[in-house]
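Positions in the sequence shown are counted from 1; adding 1267 to them yields the numbering used here. Backbone N, C-alpha and C fix where the C-beta goes; we use that ideal spot for every residue, glycine too. Note that the structure is predicted; figures quoted are calculated from it, not measured. Report on the following structure.
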Amino acid sequence: MTGMGLAVIHSRAIDGLGTSPVRVEVHLANGLPCLQLVGLADTEVREARERVRSALLHSGLGYPHHQRITVNLAPADLPKESGRFDLAIALGILAAQGLLDEQALEQHEFAGELSLAGELRPVRGGLALALGLRRTVGSSSSPRRLVLPRESAEEAALVEGVDVRAADHLLEVVQAFTPGQAVGLTPAHARADAKPPSEAQGSPGPDEEPATPLDLRDVRGQAAAKRALEIAAAGHHHLLLVGPPGSGKSMLAQRLHGLLPELSDDEALDAAAVASISRGGFDPRHWRRRPWRAPHHSCSAAALVGGGSPPRPGEISLAHHGVLFLDELPEFPSRALETLREPLEVGHVVLSRAARQARYPCRMLLVAAMNPCPCGWLGAPRRAGHPGCRCTPDAVGRYQARLSGPLLDRLDLQVEVAGVAPATLLQAPQGEPSAAVAARVRAARERQRERQGCWNADLTPDALLRHAALAAPSRSFIESAAERLGWSGRSVHRVLRVARTVADLAGCPTVDQTHLVEAVQLRRALAPGPPAGLADAHQSSGAKARRA
1268 MTGMGLAVIH
1278 SRAIDGLGTS
1288 PVRVEVHLAN
1298 GLPCLQLVGL
1308 ADTEVREARE
1318 RVRSALLHSG
1328 LGYPHHQRIT
1338 VNLAPADLPK
1348 ESGRFDLAIA
1358 LGILAAQGLL
1368 DEQALEQHEF
1378 AGELSLAGEL
1388 RPVRGGLALA
1398 LGLRRTVGSS
1408 SSPRRLVLPR
1418 ESAEEAALVE
1428 GVDVRAADHL
1438 LEVVQAFTPG
1448 QAVGLTPAHA
1458 RADAKPPSEA
1468 QGSPGPDEEP
1478 ATPLDLRDVR
1488 GQAAAKRALE
1498 IAAAGHHHLL
1508 LVGPPGSGKS
1518 MLAQRLHGLL
1528 PELSDDEALD
1538 AAAVASISRG
1548 GFDPRHWRRR
1558 PWRAPHHSCS
1568 AAALVGGGSP
1578 PRPGEISLAH
1588 HGVLFLDELP
1598 EFPSRALETL
1608 REPLEVGHVV
1618 LSRAARQARY
1628 PCRMLLVAAM
1638 NPCPCGWLGA
1648 PRRAGHPGCR
1658 CTPDAVGRYQ
1668 ARLSGPLLDR
1678 LDLQVEVAGV
1688 APATLLQAPQ
1698 GEPSAAVAAR
1708 VRAARERQRE
1718 RQGCWNADLT
1728 PDALLRHAAL
1738 AAPSRSFIES
1748 AAERLGWSGR
1758 SVHRVLRVAR
1768 TVADLAGCPT
1778 VDQTHLVEAV
1788 QLRRALAPGP
1798 PAGLADAHQS
1808 SGAKARRA
């Protein structure tokens, strides 16, 4: 309810991954001319005073120069940031002067940043704003329309069930709500160049996928590592690749992206919503593509898991429903790696600050790569012109100890990637293409969905014992392996989950000892004591150090 000199415009604030309704209340009164903003507005919002004044004047619209303008962003205890309230404030000033149809304004929500000339600039979180409005549609007898700058509107139009309208200039919006005007805002549509994920697979960098798909058959040899990629994609198991430089770890990791099935509608919206509220924003051309993130090892803990004030999503959340690739894993700051423990386990991260708290999803697939030692050549065969590993056993131990036991516990697959001989690179035939492996992955995932409604990596201990029940010989085998390798209870459960995935890939309803054997072998790269392929090299490097 508004009266003379008072107007209310509806907008929304980004609150973590969700949104909260905001009432932009504008009051005009006699007094010292000024524009006062209240309601826990940050610096970007307070600067709207100059943008709004200039936009209204440049557009030839009425600005009350001789009145006191008070703008209240309610609720007062909700932090407001960015310039998304510019459009709502400008419309509120005009409506408070009686220049706009308040009844029509009541049926809309507005967000948009204004230039000094009155042009509408895109705002961060357009898709998240549409999702927030859609959640209120069921509880409202008269759902509101959402008015956004055109670029943001194209992003928000991907959300079904929300009437999104687009505008390029403040004058367009004003004309649509001027009494007696028949000019309406045009409905927004999703961009025509938004492509399904089948048209662009692969991922060489943190943000872009190449036009040419990256195929698994390009990797020569490495049968065990390829099998590990297939199992990781089928059961959503986190993967660690350990091997010398040039053995193909990065090539393998980049091809994991192409083995995953396409995103469902709900998954695509979840991933797009996280990208929408990030500083880089969401590109509608990436609609329904699985995210791929590959941060450099110099990134901080806040960049990896999220942080800042207000809290922003980090790399693990930007990779939600996609792949997070951490190359040179031991080179990451220890504090940053340790912050991955809980998110890998529960699939979300809660960022708490003094003023607010934000919860972001991070149900991503982690694939990491590392060298076995500081010089990288531990386990590599000695050849003419190549000195081999020169690291002492203590140096190797310190290097591998940069990865804590609790973190390694959460990596289901730990695979040794040995160097490939030149003859294999030049003469070996190509292996299976990604399409053939992806078909088996889809079939295994469908079995998991029908049987338990989640991926094998997400099975609870009770569900795991039901769906991966073991016969007496198999149970005795896994108990013996766990005792000999010093596994924790979490490690035992993760090996069982991997064995369940191996059985699903084979189409077996039960888990037998052959599945367990393969699961155990895929968790030996950094087991206590060097892996079988590295033992001799480790001993020889120690003998060399003693002779020196």
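Query raised in the report: Hey, would you say T1453 sits closer than 7 angstroms to A1424, going by beta carbons?
Result: Looking up residue 1453 in the sequence shown gives position 186. Looking up residue 1424 in the sequence shown gives position 157. No, they are not a contact pair.
Query - Extent of the continuous alpha helix (DSSP H) run through Y1666 - result: Stepping through the sequence shown from its first residue, residue 1666 is reached at position 399. 1660-1667 is the extent of the alpha helix (DSSP H) around Y1666.
Query raised in the report: Can you tell me whether R1579 is buried or exposed, with buried defined as 16 or more other CB within 10 angstroms of its CB?
Result: On the sequence shown, position 312 is the one that residue 1579 refers to. Looking at its Cβ environment, which holds 16 or more other Cβ atoms inside 10 Å, R1579 is buried.
Query raised in the report: Since Q1303 is in the beta strand (DSSP E), which residue starts that stretch and which ends it?
Result: The residue you call residue 1303 lines up with position 36 of the sequence shown. For Q1303, the uninterrupted beta strand (DSSP E) segment begins and ends at 1301-1305.
Query raised in the report: Roughly how many whole angstroms lie between the Cα atoms of A1812 and R1751?
Result: Sequence index remark: in the sequence shown, residue 1812 carries index 545 (1-based). Sequence index remark: in the sequence shown, residue 1751 carries index 484 (1-based). Model confidence at A1812 stands at a pLDDT of 39, short of 50, so the residue's coordinates are unreliable and nothing is read from them.
Query raised in the report: Among P1562, A1520, L1366, which has the Cα closest to the Cα of F1599?
Result: Position 332 of the sequence shown holds residue 1599. Closest by alpha carbon: P1562.
Report task. Could you check which residue in E1595, A1749, G1574, A1539 has the C-alpha nearest to that of R1565? Result -> Here residue 1565 is taken as the residue at index 298 of the sequence shown, counted from 1. It is Ser, not Arg, that sits at residue 1565 in the sequence shown. S1565 has its Cα closest to that of E1595, out of E1595, A1749, G1574, A1539.
Query raised in the report: Secondary structure at F1549, three-state DSSP: helix, strand or coil?
Result: Here residue 1549 is taken as the residue at index 282 of the sequence shown, counted from 1. Correct three-state label for F1549: coil.
Requested in this report: Report whether the distance from the Cβ of L1678 to the nearest heavy atom of the ligand ATP is below 6 angstroms.
Outcome: Only the bare structure without any ligand can be found here, which leaves the ligand ATP out of the picture.
**Report entry** Beta-carbon gap between R1767 and A1735 smaller than 7 angstroms
**Finding:** Locating residue 1767 in the sequence shown gives position 500, counting from the first residue. Locating residue 1735 in the sequence shown gives position 468, counting from the first residue. In contact: R1767 and A1735 (Cβ atoms closer than 7 angstroms).
**Report entry** According to DSSP, residues forming a beta bridge with Y1627
**Finding:** Counting from 1 along the sequence shown, the entry for residue 1627 is found at position 360. V1616.
Query raised in the report: Three or more beta-carbon pairs under 8 angstroms between the segment 1705-1723 and the segment 1537-1556, yes or no?
Result: With the cut-off at 8 angstroms, the segment 1705-1723 and the segment 1537-1556 do not touch.
Query raised in the report: Which whole-angstrom value describes the C-beta separation of V1338 and L1304, a residue pair presumed to lie in contact below a C-beta threshold of 8 angstroms?
Result: Along the sequence shown, one-based indexing puts residue 1338 at 71. Along the sequence shown, one-based indexing puts residue 1304 at 37. With 8 angstroms as the limit, V1338 and L1304 qualify as a contact, their Cβ atoms being about 5 angstroms apart.
Query - Own chain partners of L1394 with C-beta closer than 7 angstroms, once the 5 adjacent residues on each side are dropped - result: Translated into positions along the sequence shown, residue 1394 becomes position 127. The beta carbon of L1394 is closer than 7 angstroms to those of E1422, A1423, L1425, V1426, A1539, A1540, S1543, F1549 in its chain, skipping five residues each way along the sequence.
Query raised in the report: Would you call the segment 1339-1350 and the segment 1303-1322 touching, i.e. three or more CB-CB distances under 8 angstroms?
Result: Touching, yes, given that three or more Cβ pairs across the two stretches are closer than 8 angstroms.
Query raised in the report: Looking at C-beta atoms only, is the number of pairs between the segment 1620-1629 and the segment 1490-1508 that lie closer than 8 angstroms three or more?
Result: Using a C-beta cut-off of 8 angstroms, the segment 1620-1629 makes no contact with the segment 1490-1508, since fewer than three inter-stretch Cβ pairs fall below that distance.
Query raised in the report: Short check: CB of M1631 to CB of G1686, under 7 angstroms?
Result: Here residue 1631 is taken as the residue at index 364 of the sequence shown, counted from 1. Here residue 1686 is taken as the residue at index 419 of the sequence shown, counted from 1. Not in contact: M1631 and G1686 (Cβ atoms no closer than 7 angstroms).
Query - Alpha-carbon spacing of W1559 relative to H1503, whole angstroms - result: In the sequence shown, residue 1559 corresponds to position 292, counting from 1. In the sequence shown, residue 1503 corresponds to position 236, counting from 1. Their Cα atoms are separated by approximately 15 angstroms.
Query - Cβ separation of R1487 and T1691, assumed to be a contact under 8 angstroms, to the nearest whole Å - result: In the sequence shown, residue 1487 corresponds to position 220, counting from 1. In the sequence shown, residue 1691 corresponds to position 424, counting from 1. 6 angstroms between Cβ atoms; contact.
Query raised in the report: Buried or exposed: which applies to A1455, given that a residue is buried once 16 or more other Cβ atoms fall within 10 Å of its Cβ?
Result: Taking the first residue of the sequence shown as 1, we reach residue 1455 at position 188. So A1455 counts as buried.
Query raised in the report: Could you check where the alpha helix (DSSP H) with A1730 kicks off and where it finishes?
Result: Translated into positions along the sequence shown, residue 1730 becomes position 463. For A1730, the enclosing alpha helix (DSSP H) stretches over residues 1728-1734.
Report task. Would you check if the distance between the CB atom of A1520 and the CB atom of V1684 is smaller than 7 angstroms? Result -> Looking up residue 1520 in the sequence shown gives position 253. Looking up residue 1684 in the sequence shown gives position 417. Cβ distance not < 7 angstroms, so A1520 and V1684 don't count as in contact.
Query raised in the report: Between which two residues does the alpha helix (DSSP H) carrying V1486 extend?
Result: Position 219 of the sequence shown, counted from the start, is the residue given in the question as residue 1486. Annotation: V1486 is outside any alpha helix (DSSP H) and is labelled neither H nor E by DSSP.
Query - C-alpha distance - D1430 paired with N1297, whole-angstrom precision - result: Position 163 of the sequence shown, counted from the start, is the residue given in the question as residue 1430. Position 30 of the sequence shown, counted from the start, is the residue given in the question as residue 1297. D1430 and N1297 have their C-alpha atoms spaced approximately 38 angstroms apart.
Report task. Determine the direct distance from the alpha carbon of G1327 to that of A1218, and round the result to whole angstroms. Result -> The question about residue 1218 has no answer here: the residues shown for the chain are numbered 1268 through 1815.
Report task. Return the chain-ordered list of same chain residues with a C-beta closer than 7 angstroms to the C-beta of R1401, the five sequence neighbours on each side being excluded. Result -> Looking up residue 1401 in the sequence shown gives position 134. For R1401, where only same-chain residues beyond five positions count, the Cβ hits under 7 angstroms are V1426, G1428, V1429.
Query raised in the report: What span of residues does the alpha helix (DSSP H) with L1354 cover, start to end?
Result: In the sequence shown, residue 1354 corresponds to position 87, counting from 1. Where L1354 is concerned, the enclosing alpha helix (DSSP H) stretches over 1353-1363.
**Report entry** P1288 - containing beta strand (DSSP E), residue span
**Finding:** As a working mapping, residue 1288 is identified with position 21 in the sequence shown. Residues 1285-1296.
Requested in this report: Give me the Cα-Cα distance between V1319 and R1411, rounded to the nearest whole angstrom.
Outcome: For the purposes of this step, residue 1319 is taken as residue 52 along the sequence shown, with counting starting at 1. For the purposes of this step, residue 1411 is taken as residue 144 along the sequence shown, with counting starting at 1. Their backbone Cα atoms lie some 24 angstroms apart in a straight line.
**Report entry** Pairwise C-alpha distance: K1516 and V1704
**Finding:** As a working note, residue 1704 is residue 437 in the sequence shown. As a working note, residue 1516 is residue 249 in the sequence shown. Those two C-alpha atoms are separated by around 18 angstroms.
Query raised in the report: Three or more beta-carbon pairs under 8 angstroms between the segment 1602-1621 and the segment 1655-1663, yes or no?
Result: No: the two stretches stay apart, fewer than three of their Cβ pairs being nearer than 8 angstroms.
Query raised in the report: When we look at the beta-carbon of S1758 and count the other beta-carbons within 10 Å, is it buried (16 or more) or exposed?
Result: Locating residue 1758 in the sequence shown gives position 491, counting from the first residue. It is buried - the Cβ of S1758 has at least 16 other Cβ atoms within 10 Å.
**Report entry** Of the residues T1445, L1680, M1518, H1553, the one placed nearest V1787, counting alpha carbons only
**Finding:** Taking the sequence shown and counting its residues from 1, one reaches residue 1787 at position 520. That would be L1680, whose Cα lies nearest to the Cα of V1787.
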